[in-house]
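K.L.:
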Amino acid sequence: MVSTRIHPLAAAAHAHPYVYYAVLRDEAPIFFDTEHKIWVVSRADLIMELMQSPHCVVCPPNEPVPAAIVGMPAAEVFARLIRMNEGQAHLHLKQAIQRNLALVDTACLPQLVKKWRSSECDLYALCHFVPVAVLADLLGFTPDTQPEIMGWIADFVACLSPLSRDADLARASVAAQCLLVHFTGALEGDLPQGSVLAHLLQNSDDIDHQALLANLIGLLSQSYEATAGLLGNCLIALQQHGAVAILSLTSFVEEVARYDPSVQNTRRFVVQDFEIHGQLLRKGDAVLLLLAAANRDAAFNVKGDDFVLNRAARRSLSFGHGRHGCPGQALAIKITTAILSDYLAERDTAGPLQWIYQASVNGRIPRFIST
Ligand code: HEM
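Going by the working numbering, 202 is the number at position 182 of the sequence shown; the sequence numbering is gapless.
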């Protein structure tokens, strides 16, 4: 549903958030939003400083798992995600995941896209199903189990959103349980040679098995909505900025990721009082980092409000920064480019398109309306 009243948490799914972000950047680059009880930061340099700060962590220390899922299987997964941990629990597994994702042979992406994109696939399936199906294939999950995995991942992501209701959370927990059982079986079976899972198992004797299972779910669930949003926002950009030559597609996808990112913000929690830009942040405070606002900061990208296909020295916080930066960035760009390329081989644009943004406090994920 499109929100009409704009505020930091409504901006992600708002039709036009970027003028609002510009005003925040210029007039109040860091301020305390008394209504939502959260610090809001919109300038790139401040956001990068906070993402690197040892005084800020990724989960509220007094609620490491959302209260609504405590005691459910989803909580077991959530608590082990590298995205939700700091220190050794984060670093060791993060490095293993990064190392093994880097081994992925992406030359097969065009064939994988053809395998998973059927000709009658609508825009919803194109954005929400094809990218994760391709990723699951690269990870090493066999095609016969893919439809089930897709359904569970779609249900599981509900536990990552504060907008979820009890029924969504209950479904997320059932999905977490199914995914854990299924992935345990997959790891015990024969894994396709060269798959990420095969590499991870060969190279990760010292990794806790439960943490590995949880983070396999993490890889698929963290890419699910973010990649759906990136691909959807690329289709919108095609309509708004015109057709693009196939050879420039990677630059196009990177510029969309900067200009209209699918992950518009992320949060941090203060663990020790400290001062930044003349403001005192206190232990226990929550901080909202407006990544989408930072990407258009003139000090970060020249003419940041312009869509520039071949932008020189493009900079972006859309995939995070610092120790929690996204390990899937390169892969997400390549998968999205391959899907777009396959799609555009049949047509120049997706249009004319109409869409609304899915209700979300941080994601900018279009839902296209069939006309
Ligand atoms: C367009 C697609 C994607 C976007 C926009 C995106 C964005 C992000 C962002 C902003 C973060 C940092 C969050 C923070 O610091 O608070 C992040 C972290 C993460 N992403 Fe992505 N991501 C995408 C795709 C993927 C894919 C394809 C994978 C897996 C292959 C993935 C796996 C992860 C993981 C595991 C983390 C946690 C890293 C950590 O905490 O150290 N993401 N992503």
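Beta carbons: idealized from backbone N, C-alpha and C, even for Gly. This structure is a prediction, so every number in the text was calculated from the model and none was measured.
Suppose you measure from the CA of T356 to the CA of H261; what does that come to, to the nearest Å?
P.N.:
Cα to Cα, the separation comes out at about 18 Å.
K.L.:
Leaving out five residues before and five after V322 in sequence, what residues of the same chain have Cβ atoms less than 7 Å from its Cβ?
P.N.:
Scanning its chain for C-beta atoms nearer than 7 Å, with the 5 sequence neighbours on each side dropped, one finds no residue around V322.
K.L.:
Going by the CB atoms, is the gap between L233 and L360 shorter than 8 Å?
P.N.:
no
K.L.:
Would you identify the three-state DSSP class for H297, choosing helix, strand or coil?
P.N.:
coil
K.L.:
Report the option in Q378, P49, G209 whose CA atom is closest to the CA atom of A314.
P.N.:
P49
K.L.:
Is the segment 99-113 close to the segment 215-233, with three or more CB pairs under 8 Å?
P.N.:
yes
K.L.:
Give the DSSP bridge partners of R288, in chain order.
P.N.:
Note: R288 sits in a beta bridge opposite V307.
K.L.:
Taking the straight line between their C-alpha atoms, what separation do you get for L44 and S62?
P.N.:
Linking L44 to S62 through their CA atoms gives a straight-line distance of about 7 Å.
K.L.:
Classify T54 as buried or exposed, calling it buried when 16 or more other Cβ atoms lie within 10 Å of its own Cβ.
P.N.:
exposed
K.L.:
Looking at P347: is its Cβ nearer than 8 Å to the Cβ of L113?
P.N.:
no
K.L.:
Looking only at its chain, what residues have a beta carbon closer than 6 Å to the beta carbon of G340, apart from the 5 residues adjacent to it on each side?
P.N.:
C346
K.L.:
What's the call for P37, buried or exposed, on a 16-neighbour Cβ count within 10 Å?
P.N.:
buried
K.L.:
Since V276 contacts P81 with CB under 8 Å, what's their CB separation in whole angstroms?
P.N.:
So it is not a contact: roughly 36 Å between Cβ atoms.
K.L.:
Using the Cβ count rule (16 or more neighbours within 10 Å means buried), how would you classify A32?
P.N.:
So A32 counts as buried.
K.L.:
Any idea if A196 is buried or exposed, counting beta-carbon neighbours within 10 angstroms, 16 or more meaning buried?
P.N.:
Under this definition A196 is a buried residue.
K.L.:
What three-state label does DSSP hand I353 in the structure shown?
P.N.:
DSSP places I353 in helix when its eight states are reduced to three.
K.L.:
Is the segment 68-86 touching the segment 284-303, taking contact as three or more C-beta pairs under 8 Å?
P.N.:
yes
K.L.:
For the candidate residues L159, L189, E295, S271, whose alpha-carbon lies nearest to that of L329?
P.N.:
S271
K.L.:
Do F327 and Y279 have their beta-carbon atoms positioned less than 8 Å apart in this structure?
P.N.:
yes
K.L.:
Would you say the segment 243-259 touches the segment 211-218, given that touching needs at least three Cβ pairs under 8 Å?
P.N.:
no
K.L.:
Along the chain, where does the beta strand (DSSP E) that runs through D53 open and close?
P.N.:
Looking at the DSSP string, the run of the beta strand (DSSP E) that includes D53 is 50-53.
K.L.:
Ligand 1 and V133: does any heavy atom of the ligand fall closer than 7 Å to the residue's C-beta?
P.N.:
no
K.L.:
Where DSSP assigns a beta bridge to R25, which residues make up the other side?
P.N.:
R25 pairs with nothing; no bridge assigned.
K.L.:
T162: beta carbon under 7 Å from a heavy atom of ligand 1?
P.N.:
no
K.L.:
Taking the alpha carbon of F388 as the point to measure from, which residue in C254, R334, L373, V381 has its own alpha carbon closest?
P.N.:
Answer by Cα proximity: L373.
K.L.:
Drop a sphere of 10 angstroms on the beta-carbon of N382, count the other beta-carbons inside from all chains shown, and report buried for 16 or more, exposed for fewer.
P.N.:
N382 is buried by the Cβ-count criterion.
K.L.:
Any idea which residues DSSP pairs Y377 with across the strands?
P.N.:
P386
K.L.:
Note the first and the last residue of the continuous alpha helix (DSSP H) segment covering I117.
P.N.:
108-121
K.L.:
My output table needs one value for H34: the three-state DSSP class, helix, strand or coil.
P.N.:
strand
K.L.:
Go to V322, then tell me how far its beta strand (DSSP E) extends in each direction, as first and last residue.
P.N.:
Element bounds for V322: n/a, residue is neither H nor E.
K.L.:
Kindly examine ligand 1 and report whether one of its heavy atoms sits closer than 7 Å to the Cβ of V283.
P.N.:
yes
K.L.:
Should E208 be labelled buried (16 or more other beta-carbon atoms within 10 Å of its own) or exposed?
P.N.:
E208 is exposed by the Cβ-count criterion.
K.L.:
Count the other CB atoms, across all protein chains shown, that sit within 10 Å of the CB of D7; report buried if there are 16 or more and exposed otherwise.
P.N.:
No information on residue 7 is available, as it lies outside the stretch 21 to 391 that the chain covers here.
K.L.:
Only counting the same chain, and skipping five residues up and downstream in sequence, which positions put a Cβ closer than 6 Å to that of L155?
P.N.:
Cβ within range, chain order: S243.
K.L.:
May I have the straight-line CA-CA distance separating T162 from C141, to the nearest angstrom?
P.N.:
20 Å
K.L.:
Could you check which residue in I169, H148, Y40, S390 has the C-alpha nearest to that of L199?
P.N.:
Here the closest residue by C-alpha is I169.
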